[in-house]
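>
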Amino acid sequence: MELLDEKKAEEIELFDLEETDYIVKTVVIANSLGGKHTQALYDHLKDRLKPLGEEFVSADESDEWIVVDMGDILVHIMTPNYRRRYDIEQFLSELKRGVAGEEEND
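Residue numbers (the working numbering): 233 to 338.
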């Protein structure tokens with residue numbers, strides 16, 4: 233989170249999902265200031281973490297949203313508009329409370 237903060241990412245949130253059945257243990261969500269900033273934040277993460285041995289399994293990239301799969305960590309870097317539109321925090325909060333998917337099980 234500090235790496236994103238030092239490059240001016242905004243509204244950085246960390247979700248600890250270790251106690252859930254989600255595909256990763258941790259999700260980080262951060263706002264970028266726009267398309268070029270989204271890419272710059274991703275590049276900064278790679279430049280700083282790869283030399284430390286962190287693995288970047290894959291990434292889906294667009295100007296508005298980049299999702300980085302680092303194994304047990306997913307990092308979402310997105311513009312504020314995309315963040316509002318997709319509201320990942322709502323899903324992750326429900327997942328932590330054990331609410332997500334309950335409608336399917338009823």
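Glycine included, every Cβ here is placed at the ideal spot set by N, Cα and C.
Just to confirm the assignment: which complete alpha helix (DSSP H) runs, minimum length 4, are found wholly within the segment 244 to 290?
You should have 267 to 281.
> Taking buried to mean at least 16 other C-beta atoms within 10 Å of its own C-beta, is M233 buried or exposed?
Here residue 233 is taken as the residue at index 1 of the sequence shown, counted from 1. Per the 10 Å Cβ criterion, exposed.
> Could you give the distance in angstroms between the alpha-carbon of E326 and the alpha-carbon of D319?
Translated into positions along the sequence shown, residue 326 becomes position 94. Translated into positions along the sequence shown, residue 319 becomes position 87. Taking the straight line joining both Cα atoms gives about 12 Å.
> Looking only at its own chain, which residues have a Cβ that is under 6 Å from the Cβ of E267, when we skip the five neighbours before and after it?
Your numbering for residue 267 matches position 35 in the sequence shown. What sits at residue 267 in the sequence shown is Gly, not Glu. Excluding residues within five positions, the ones whose Cβ falls inside 6 Å are D295.
> Counting Cβ pairs, one atom from each stretch, are 3 or more of them under 8 Å apart for the segment 236 to 250 and the segment 259 to 277?
Because the criterion of three Cβ pairs below 8 Å is met, the segment 236 to 250 and the segment 259 to 277 touch.
> To the nearest angstrom, how far is the alpha carbon of Y252 from that of R316?
Residue mapping note: residue 252 aligns to position 20 of the sequence shown, counting from 1. Residue mapping note: residue 316 aligns to position 84 of the sequence shown, counting from 1. In the sequence under discussion, the amino acid at residue 252 is Thr, which differs from the Tyr named in the question. Rounded to whole angstroms, T252 to R316 spans 24 Å at the Cα level.
> Could you give the DSSP three-state label for D301: helix, strand or coil?
Here residue 301 refers to the residue found at position 69 of the sequence shown. If DSSP states are grouped into helix, strand and coil, D301 belongs with the strands.
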